[in-house]
Amino acid sequence: MLLVMPVVRLTNHRLRNSQRRQRLEIQGLPVRFRLAPPNFHRPSPSAETVFLRPAPDAFQSCPLGVRHWSLGIPTMSSLVFTIANQKGGVGKTTTAVNLAAALAEKKIPTLLIDLDPQANATSAIGIEKQAGRSLYGPLHGEGTALERIVATSYEHLSLIPSEEDLAAAEIELAQSENYLAKLRNVLEPLKASGSFRAIIIDCPPSMGMLSMNSLAAADFLLIALQCEYMALEGLGQILRNVERIKGAGLNNTLELGGVVMTMFDIRTNLSRQVVDEVKKHLPEKIFNTVIPRTIRLSEAPSFGKTIFDYDPLSPGSTAYRNLAKEVIARFGLK
Ligand SMILES: Nc1ncnc2c1ncn2[C@@H]1O[C@H](COP(=O)(O)OP(=O)(O)O)[C@@H](O)[C@H]1O
Ligand SMILES: [Mg+2]
């Protein structure tokens with residue numbers, strides 16, 4: 001059984017210090033809540049940002065052993081990042097999962113959306129696929145994205161899982177009206193709810209309907225680029241798709257947020273050359289952090305764990321933590 005995260009709105013709720021530890025019940029669960037740390041992003045001075053945290057006894061009856069969740073409420077603006085690239089096996093999912101986990105580790109309320117029918121991100125985070133839990137329904141006008149959110153075993157990290165039926169959405173969406181704006185419309189209420197500061201979308205390895213929808217829905221595109229021959233050619237293709245979306249008037253504010261170089265192999269000159277080349281073309285966009293090729297990063301998903309859980313002191317772990325620091329600074333996530 002997966003626990004669906006309850007959604008609560010405490011608009012302009014003012015809490016005094018003496019009220020920091022209160023109890024309330026949400027959907028029958030006792031919940032303790034506390035104020036967000038003082039340095040937390042707070043766009044409106046008249047509103048308090050509140051984290052909700054369940055009391056320890058809240059999950060005694062939860063078979064999955066889900067331990068934590070939290071919600072940032074109510075006035076954070078969410079930033080939507082899509083990790084898209086028409087190529088498979090370049091490190092999109094590894095980056096989506098571990099970047100999301102690293103942001104959550106920094107107490108940034110983060111939602112990972114698995115938009116790939118192969119559901120690799122879902123299993124990598126230790127959640128079982130379950131029929132009816134993906135965005136397939138909402139993309140077809142049935143139910144909402146909010147209802148599809150599940151808690152993970154990581155604090156501050158939630159997930160909208162994937163399942164195989166999303167593959168059908170690739171074909172079916174093309175036959176509907178406004179087919180490129182579907183995901184954008186589905187995510188609108190989620191963004192407006194302010195429950196998450198960062199929403200990260202993991203895309204399938206093609207520039208089909210789902211990936212194009214994610215471009216139309218995102219504030220920023222993050223590109224995972226493998227340090228390999230012809231990397232720049234792949235980059236050009238993705239950037240042309242960004243222009244297509246913008247040209248169609250679907251998302252005028254979409255921006256390339258950054259390029260993450262993945263699977264850097266210190267033993268080859270090629271890796272270094274590819275990084276230098278991308279740096280020359282996109283000096284402002286390439287992240288300084290380069291993700292090394294390491295066995296530990298490729299092993300972690302088969303245990304349903306993030307790299308921080310699987311091998312917290314490994315080079316892969318350090319790299320994704322550093323990437324998260326850069327992302328936080330670049331996009332003002334704190
Ligand atoms: N930095 C890395 N070092 C070693 N293996 C990696 C690394 N990043 C990803 N992998 C492995 O490479 C394969 C493809 O990565 P993945 O993130 O699934 O790519 P994509 O989502 O683009 O298809 C997976 O088996 C993954 O575990
Ligand atoms: Mg993938």
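Heads up: the sequence shown is residues 1 to 334, going by this note's numbering.
Yeah, the Cβ is synthetic: ideal placement off N, Cα and C, and Gly gets one too.
Extent of the continuous alpha helix (DSSP H) run through residue i
i	result
residue 161	Looking at the DSSP string, residue 161 is not in any alpha helix (DSSP H), and its letter there is neither H nor E.
residue 328	315 to 331
residue 190	182 to 193
residue 307	307 to 310
According to DSSP, residues forming a beta bridge with residue i
i	result
residue 174	According to DSSP, which records beta bridges pairwise, residue 174 is partnered with nothing at all.
residue 292	264
Beta-carbon proximity check, residue i vs residue j, cutoff 9 Å
i	j	result
residue 370	residue 258	An answer regarding residue 370 cannot be provided, because it is not within the stretch 1 to 334 covered by the chain.
residue 217	residue 251	yes
residue 109	residue 133	no
residue 193	residue 88	no
residue 237	residue 262	no
residue 220	residue 111	no
residue 157	residue 323	no
residue 116	residue 210	yes
residue 241	residue 130	no
residue 319	residue 310	no
residue 105	residue 154	yes
residue 97	residue 139	no
residue 291	residue 103	no
residue 213	residue 181	yes
residue 202	residue 83	yes
residue 165	residue 136	yes
residue 254	residue 79	no
residue 294	residue 316	yes
residue 271	residue 296	no
residue 215	residue 245	yes
residue 336	residue 170	Look at the range of the chain in this structure, 1 to 334, and you will see that residue 336 is not part of it.
residue 147	residue 122	no
residue 306	residue 119	no
Integer Cβ distance of residue i from residue j, believed to fall under 8 Å
i	j	result
residue 222	residue 308	Going by Cβ atoms, the distance from residue 222 to residue 308 rounds to 19 Å, so no, they are not a contact pair.
residue 94	residue 126	That pair is no contact at about 15 Å.
residue 260	residue 232	That pair is no contact at about 15 Å.
residue 173	residue 145	Actually they are not in contact, since the Cβ atoms of residue 173 and residue 145 sit about 15 Å apart, beyond 8 Å.
residue 256	residue 285	6 Å
Boundaries of the beta strand (DSSP E) in which residue i is found, first to last residue
i	result
residue 152	Per DSSP, residue 152 belongs to no beta strand (DSSP E) and is neither H nor E.
residue 81	79 to 83
> What runs of the alpha helix (DSSP H), each 4 residues or longer, lie entirely inside the stretch 199 to 285?
Replying inline: You should have 209 to 217, 231 to 247 and 269 to 281.
>> As an exercise, report each continuous beta strand (DSSP E) stretch of at least 3 residues that is fully enclosed by the stretch 95 to 144, in chain order.
In response: Within the stretch 95 to 144, the complete beta strand (DSSP E) runs of at least 3 residues are 110 to 114.
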